[in-house]
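Student:
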Amino acid sequence: MAHCILQIALDTPLDSVFDYRWPCEPGAEPLVGQLALVSFGRREAVGLIVAVKHETDVPADKLKDALAVRSQLAPLSERWIRLARFAAGYYHRPLGEVALPGLPKNLRVPSTVALDRALKKLARLDAAHDAAPAGMPALNSAQRQAADVIGGAQGFTPLLLYGVTGSGKTEVYLQACAQVLARDADAQILVLVPEINLTPQLEANIRARFPGVMLATLHSSLSEGERMLHWLAAHQGRARIVLGTRLAILASLPNLKLIVIDEEHDPSYKQQEGLRYSARDLAVWRAHQLGIPIVLGSATPSLESWHHAQTGRYRKLELRERAVRDAVLPRVRLVDMERDKPREGLTATLMQALRQRLERGEQSLLFLNRRGYAPVLCCDACGWISNCTRCTSFMVLHKPERRLRCHHCSLELRIPHACPTCGNIDLQPLGRGTQRIEEGLQALFPQARILRIDADSTRLKGSAQAAFDSVHRGEVDILIGTQMVAKGHDFKKLSLVGILNPDTALFSQDYRASERLFAQLMQVAGRAGRAGLESEVLIQSRYCTHPLYGAVMRHDYDRFAGDLLEERRQAALPPYMYQALLRAEAPELAVAIAFLEAARDSVAADAIVINDPIPMTMTRVHNVERAQLLVESGSRPALQAFLVQWVDALRALKSRVRWSLEVDPLDI
Numbered sequence: 002m003a004h005c006i007l008q009i010a011l012d013t014p015l016d017s018v019f020d021y022r023w024p025c026e027p028g029a030e031p032l033v034g035q036l037a038l039v040s041f042g043r044r045e046a047v048g049l050i051v052a053v054k055h056e057t058d059v060p061a062d063k064l065k066d067a068l069a070v071r072s073q074l075a076p077l078s079e080r081w082i083r084l085a086r087f088a089a090g091y092y093h094r095p096l097g098e099v100a101l102p103g104l105p106k107n108l109r110v111p112s113t114v115a116l117d118r119a120l121k122k123l124a125r126l127d128a129a130h131d132a133a134p135a136g137m138p139a140l141n142s143a144q145r146q147a148a149d150v151i152g153g154a155q156g157f158t159p160l161l162l163y164g165v166t167g168s169g170k171t172e173v174y175l176q177a178c179a180q181v182l183a184r185d186a187d188a189q190i191l192v193l194v195p196e197i198n199l200t201p202q203l204e205a206n207i208r209a210r211f212p213g214v215m216l217a218t219l220h221s222s223l224s225e226g227e228r229m230l231h232w233l234a235a236h237q238g239r240a241r242i243v244l245g246t247r248l249a250i251l252a253s254l255p256n257l258k259l260i261v262i263d264e265e266h267d268p269s270y271k272q273q274e275g276l277r278y279s280a281r282d283l284a285v286w287r288a289h290q291l292g293i294p295i296v297l298g299s300a301t302p303s304l305e306s307w308h309h310a311q312t313g314r315y316r317k318l319e320l321r322e323r324a325v326r327d328a329v330l331p332r333v334r335l336v337d338m339e340r341d342k343p344r345e346g347l348t349a350t351l352m353q354a355l356r357q358r359l360e361r362g363e364q365s366l367l368f369l370n371r372r373g374y375a376p377v378l379c380c381d382a383c384g385w386i387s388n389c390t391r392c393t394s395f396m397v398l399h400k401p402e403r404r405l406r407c408h409h410c411s412l413e414l415r416i417p418h419a420c421p422t423c424g425n426i427d428l429q430p431l432g433r434g435t436q437r438i439e440e441g442l443q444a445l446f447p448q449a450r451i452l453r454i455d456a457d458s459t460r461l462k463g464s465a466q467a468a469f470d471s472v473h474r475g476e477v478d479i480l481i482g483t484q485m486v487a488k489g490h491d492f493k494k495l496s497l498v499g500i501l502n503p504d505t506a507l508f509s510q511d512y513r514a515s516e517r518l519f520a521q522l523m524q525v526a527g528r529a530g531r532a533g534l535e536s537e538v539l540i541q542s543r544y545c546t547h548p549l550y551g552a553v554m555r556h557d558y559d560r561f562a563g564d565l566l567e568e569r570r571q572a573a574l575p576p577y578m579y580q581a582l583l584r585a586e587a588p589e590l591a592v593a594i595a596f597l598e599a600a601r602d603s604v605a606a607d608a609i610v611i612n613d614p615i616p617m618t619m620t621r622v623h624n625v626e627r628a629q630l631l632v633e634s635g636s637r638p639a640l641q642a643f644l645v646q647w648v649d650a651l652r653a654l655k656s657r658v659r660w661s662l663e664v665d666p667l668d669i
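Counting in the numbering used here, the final residue of the sequence shown is number 669, and the numbers go up one at a time with none missing.
In structure tokens form, the structure reads like this:
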């Protein structure tokens, strides 16, 4: 029997594809894009067929037979494989490390039981294609214009939908989607959100608007069986709307006609481990590849997207007013903590505002982006503080659990009864986290219904959605939360937002800190007054004259973004400069630094700036020392050409140092 050679990409750090033999009957050869089960080392692995050929350079005695081809699954398209190849090339990772993790885990196991079960279940589901929307709320003129531009766009059209908080961007998305679905009987639409807790509200809106359309959701909170079923629905073209977090950008969507990126500015779109890709940037490339429109929506666009809009690469659509009649943006006031001294973390001004809302039966939100009870426990007698023994960070006090916990390596210790250094039993918490604010509020307002939403209070599956549902039902008077509550949520009865301790970001060494703080403040302020209630935002600060707070008070993103872009231009920072960051990890810092110095000298560079290696801000994590080296260029093609050579040189360096390369880093 004749044999053919299958070139297969596997999820392995080795930057190559692997040849396997397979018996090929005429007209029945395996197809590019199918999955195959092979023997790799001492294990069996599932890989992606990326080529079928009849010759190989592998010696016959070294060539293995493929064990099986997953013929029951339609092959992944050539366009999807090109997307994976682009991501692998741009982020300098092996193809298999991009393509395989993008698939559900149950597709990547030797057994086909889960796949066969999911295919049978999907076949039994109603494949209704009635795309007629259930009800179409009236839009104001700006919304109607934006929806018509998006719904009628042809070819690759990047659109930046800039709308103030509460301006009805979601309704614009939905009505534009209705136009696309009505025009094309097989069209698929991909909608991305930055965080899992934003999916239930949007999913409910989509299901209510398009009851006859199959919707698939893709995010990491799904069980493996659910993710497999939803991925297959998208892969077969049955799911016409796919809603997901960043991992959904690598979903197989054969009839994709529109991409929507909600809250496009959010750093959560950037993967921070493994393949460090930007889902937003990959979405733009995918839209360009397919020749389809893409919408990037935000009340506080990223400076990169704003710059593209200013230079004409993106078309800007604006929603300057809130969608609900009589709803206006909240009044923002600064509370000077030098004059109005806080008690339990709250100034008298803020406490009075909370009392007024309680009397009126309205809701309040206190925003503090620091979970736990206190950032550190200390001894006043000798100066001991609760440092983590494995990281260059403090162990955070979690009083309800009676634990000290490191938020970087997850080390947990019991709260000591006395100072480990001097024996002093009077240990004091320093600073405030959400748990301590909750405790103080319960003492100040014992009659109030108080709820805390953060990563600690929502660990169980479904607990976050249950908490948000209770807020929407009006069962909460005062909500305390971290960034989980800052964006995307539509709280009808919320009329007061108090922002606690935002000053630390003003003095960060991260040049993106002011951009992120402004976005955070504008987003959380936008939770107030969305249903027409008179609302206000109180920002407690010791630096009330800072220009950033002035821009927030004026809701003036345009000027703030313009000033920041000019600063970036003068300082030669993104988006006017392109960057890559090489990180090294070793048991000793000197070893990591030595590796980076060798890496710096390994390749000659023209039009490339290679900075000196330095320790990372968080130098030690889990007893591993970390350092970094920043590479910059004013030309993206020049940087990419350099990185191709550099990665080869890095792989040739003989070192046990663990290293990783990140293109377009967000955290430096």
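Yeah, the Cβ is synthetic: ideal placement off N, Cα and C, and Gly gets one too.
As the structure is a prediction and not an experimental result, all values here were calculated from the model.
1) At the level of alpha carbons, what is the spacing between R125 and N198?
2) For C407, is the classification buried or exposed, using 16 other Cβ atoms within 10 angstroms of its Cβ as the cut-off for buried?
3) Reducing DSSP to helix, strand and coil, say where K65 ends up.
4) Could you check how far apart the C-beta atoms of I479 and A449 are, in whole angstroms? I think they sit under 8 Å.
5) Can you give me the C-alpha to C-alpha distance between V498 and P195, rounded to a whole angstrom?
6) Could you tell me whether the Cβ atoms of R391 and H623 are closer together than 8 Å?
7) Can you tell me which of the three DSSP states S542 falls into?
8) Below 6 Å CB to CB, which residues in the same chain sit around R228 once its five sequence neighbours on both sides are set aside?
9) Which partner residues does C5 have in the DSSP bridge list?
10) Should K258 go down as buried or exposed, given a rule of 16 or more other Cβ atoms within 10 Å for buried?
11) Under DSSP, the alpha helix (DSSP H) around Y174 begins and ends at which residues?
12) By how many angstroms is the C-alpha of H399 removed from the C-alpha of L405?
13) Comparing alpha-carbon positions, which option in L203, T393, T312, D187 lies nearest E172?
14) Quick one: Cα of P430 to Cα of R453, how far?
15) Using the Cα positions of D16 and G42, report the straight-line distance between them to the nearest angstrom.
16) Going by the CB atoms, is the gap between L49 and L77 shorter than 8 Å?
17) My parser needs the beta strand (DSSP E) runs of 3 or more residues fully inside the segment 241–270; what are they?
18) Whose C-beta lies closer than 7 Å to the C-beta of E225 among residues of the same chain, with five residues either side of it excluded?
19) Output the distance between the C-alpha atoms of M396 and A419, rounded to the nearest integer angstrom.
20) Hey, how far is the Cα of I451 from the Cα of L445?
21) Can you list the beta strand (DSSP E) stretches of 3 or more residues lying completely in the segment 557–620, in chain order?
22) What distance in whole Å lies between the Cβ atoms of V296 and V261, which are believed to be in contact at a cut-off of 8 Å?
23) Kindly confirm or deny that the segment 642–650 and the segment 560–574 touch, where touching means at least three C-beta pairs closer than 8 Å.
24) Quick one: what does DSSP say N141 is sitting in, helix, strand or coil?
25) Quick check on this structure: which residue in Q144, D557, R83 has the alpha carbon closest to the alpha carbon of R332?
26) Which runs of the alpha helix (DSSP H) fall wholly inside the segment 272–333 and span at least 4 residues, in chain order?
27) Of the choices R371, D12, F157, V59, whose alpha-carbon is the least far from that of Q290?
28) Is the Cβ-Cβ distance between R71 and T113 less than 8 Å?
29) In terms of alpha-carbon separation, which member of L662, H547, T57, R637 lies closest to E586?
30) How far does the beta strand (DSSP E) with V632 in it extend, from its first residue to its last?
31) For T350, which residues in the same chain have their Cβ closer than 7 Å to its Cβ, ignoring the five residues on either side in sequence?
32) By the 10 Å Cβ neighbour count, where 16 or more other Cβ atoms means buried, how is L654 classified, buried or exposed?
33) Identify the continuous beta strand (DSSP E) that holds T158 and give its terminal residues.
34) DSSP state of K121, grouped into three classes?
35) In the structure shown, what three-state DSSP assignment does A188 receive?
36) Can you look up G226 in the DSSP assignment and give me helix, strand or coil?
Tutor: On the basis of the data shown:
1) 29 Å
2) buried
3) strand
4) 5 Å
5) 22 Å
6) yes
7) strand
8) Contacts found: P105.
9) W23
10) Around the beta carbon of K258, a 10 Å sphere encloses 16 or more other beta carbons of the protein chains shown; the residue is thus reported as buried.
11) 170–184
12) 6 Å
13) L203
14) Straight through space, the alpha carbons of R453 and P430 are spaced by roughly 20 Å.
15) 16 Å
16) yes
17) Annotation: the segment 241–270 contains the following complete segments of the beta strand (DSSP E) (minimum length 3 residues), in chain order: 242–245, 257–263.
18) P105, K106, N107
19) 16 Å
20) 11 Å
21) 579–587
22) 5 Å
23) no
24) coil
25) D557
26) 280–291, 304–311
27) F157
28) yes
29) L662
30) 625–634
31) If we look at T350 and ignore the five residues flanking it on each side, its Cβ neighbours are V336, D341, L539.
32) exposed
33) 158–164
34) helix
35) coil
36) In the structure shown, the three-state DSSP call for G226 is helix.
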